[in-house]
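Reading through the structure tokens given below for one structure.
Number of protein chains: 2
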Amino acid sequence: MCVGEEDVQGVPCSCRGPRHEGFLEAWLLLLLKGSPSHGYELLERLGQVTGHGVAPDPGTVYRNLRRMEDEGLVTSNWDFSDAGPPRRLYRLTEQGEELLQAWAAEVENYRSRLDRFLSIYSELRGRPRA
Amino acid sequence: MCVGEEDVQGVPCSCRGPRHEGFLEAWLLLLLKGSPSHGYELLERLGQVTGHGVAPDPGTVYRNLRRMEDEGLVTSNWDFSDAGPPRRLYRLTEQGEELLQAWAAEVENYRSRLDRFLSIYSELRGRPRA
DNA sequence: CGCCTGTATGTGCACGGGGCAGATATACAG
DNA sequence: CTGTATATCTGCCCCGTGCACATACAGGCG
Numbered sequence: 005m006c007v008g009e010e011d012v013q014g015v016p017c018s019c020r021g022p023r024h025e026g027f028l029e030a031w032l033l034l035l036l037k038g039s040p041s042h043g044y045e046l047l048e049r050l051g052q053v054t055g056h057g058v059a060p061d062p063g064t065v066y067r068n069l070r071r072m073e074d075e076g077l078v079t080s081n082w083d084f085s086d087a088g089p090p091r092r093l094y095r096l097t098e099q100g101e102e103l104l105q106a107w108a109a110e111v112e113n114y115r116s117r118l119d120r121f122l123s124i125y126s127e128l129r130g131r132p133r134a
Numbered sequence: 005m006c007v008g009e010e011d012v013q014g015v016p017c018s019c020r021g022p023r024h025e026g027f028l029e030a031w032l033l034l035l036l037k038g039s040p041s042h043g044y045e046l047l048e049r050l051g052q053v054t055g056h057g058v059a060p061d062p063g064t065v066y067r068n069l070r071r072m073e074d075e076g077l078v079t080s081n082w083d084f085s086d087a088g089p090p091r092r093l094y095r096l097t098e099q100g101e102e103l104l105q106a107w108a109a110e111v112e113n114y115r116s117r118l119d120r121f122l123s124i125y126s127e128l129r130g131r132p133r134a
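From first to last, the protein sequence lines stand for chains A and B.
Each residue of the first sequence is one higher than the last, beginning at 5 in the numbering used here.
Each residue of the second sequence is one higher than the last, beginning at 5 in the numbering used here.
As structure tokens, then:
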């Protein structure tokens, strides 16, 4: 929430909840399905692809990747090939791919709930308060 | 997440994040826009309307309503009219209505992000891991 | 050389929403 | 009198996230 949009009618943005909405793991799995990558790059890709320009917190991303490795969703290898500090290259595992599929189903359910919200809202909108 | 759906392909449901996804306040505002109501009833309506049969935690709902009253989003009056324990009748305020509008915009943004997720997923799906 | 910037990874701390468990009270049915 | 449905509320804890900060490597510049 509160992803940089202006306030609406002077009501300060609600600003509750995480900016990446509990789907950070899902996004990471998705991006890694696209191609193996390291944390810093994922950070940048996340900022673009998720729609709002705001990149998530680096610490959170790195922590998530580590946890996901512990859980067998991804594997990592140090990459010293290019100049600059070494990077940890992450790859999706079979398990990670399966979880991504589960996430996709979850996201669809989630979206249909949001649709329901919006359809109810559009029904009610404009009516005087009861 | 993990709203009672079965596991997908043996992968245990991710189960991270709140069941009502950080939109509890939005749902409460929306339902109250529909008609004034009390906590217990909102609890039941939430369980039906949000799509998954699972009702949110009562404590969480009551606490949210109280907070929302403190913030001027709703007002409450005790209702002794019917039999049984007294209930606290909540009504949406002008402020609450404005915030609901802001929430609706937020939900739309949110949904478009989920759309983006799903469209990327459907592009990638089926491809072998890189 | 020293300094700054950009790349890249990581830790400690604190906040805040929400789930879980349980307390309380009223009415009514058996 | 005990149990069940209705109705509200509190305490406690978990967990994900954001923020601030630390670390390290490489290259450019005066």
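The beta carbon of each residue, even a glycine, is placed where N, CA and C say it ideally should be.
Values in this document were obtained by computation on a predicted structure and should not be read as measured data.
For residue 133/B, the neighbours in chain A by C-beta distance under 9 Å run, in chain order, 36, 37, 40, 95, 96, 97, 98, 100, 101. No Cβ-Cβ contact shorter than 8 Å links residue 67/A with residue 82/A.
Cβ-Cβ separation between residue 78/A and residue 96/A: approximately 6 Å, consistent with a contact (criterion under 8 Å). When secondary structure is reduced to three states using DSSP, residue 123/A falls in the helix class. Contact annotation for residue 79/A against chain B: no contact, minimum CB-CB distance about 11 Å [criterion: below 7 Å]. For residue 83/A, no alpha helix (DSSP H) segment is defined; the enclosing uninterrupted segment is the beta strand (DSSP E) at 78-83. In the three-state scheme derived from DSSP, where H, G and I count as helix and E and B as strand, residue 91/A is classed as strand. Remark: C-beta atoms of residue 65/A and residue 100/A do not approach each other more closely than 8 Å.
Between residue 38/A and residue 34/B, the CB-CB gap reaches or exceeds 8 Å. Not one beta carbon of chain A lies nearer than 8 Å to the beta carbon of residue 65/B. Around the beta-carbon of residue 27/B, 16 or more other beta-carbon atoms lie within 10 Å, marking it buried. No Cβ-Cβ contact shorter than 8 Å links residue 69/B with residue 60/B.
For residue 112/B, the neighbours in chain A by C-beta distance under 7 Å run, in chain order, 122.
Per DSSP, residue 65/A is one residue of the alpha helix (DSSP H) stretching across 62-74. Straight through space, the alpha carbons of residue 72/B and residue 29/A are spaced by roughly 31 Å. For the region 33-61 of chain B, the continuous alpha helix (DSSP H) assignments of 4+ residues that do not extend past its boundaries occur at 43-53, in sequence order.
Looking at the backbone, the Cα of residue 75/B and that of residue 98/B are separated by about 12 Å. Under the DSSP definition of a beta bridge, residue 96/A partners with 78/A. Residue 131/A sits exposed, since fewer than 16 C-beta atoms from the chains shown fall within 10 Å of its C-beta.
Among the CB atoms of chain B, none fall inside 8 Å of the CB of residue 71/A.
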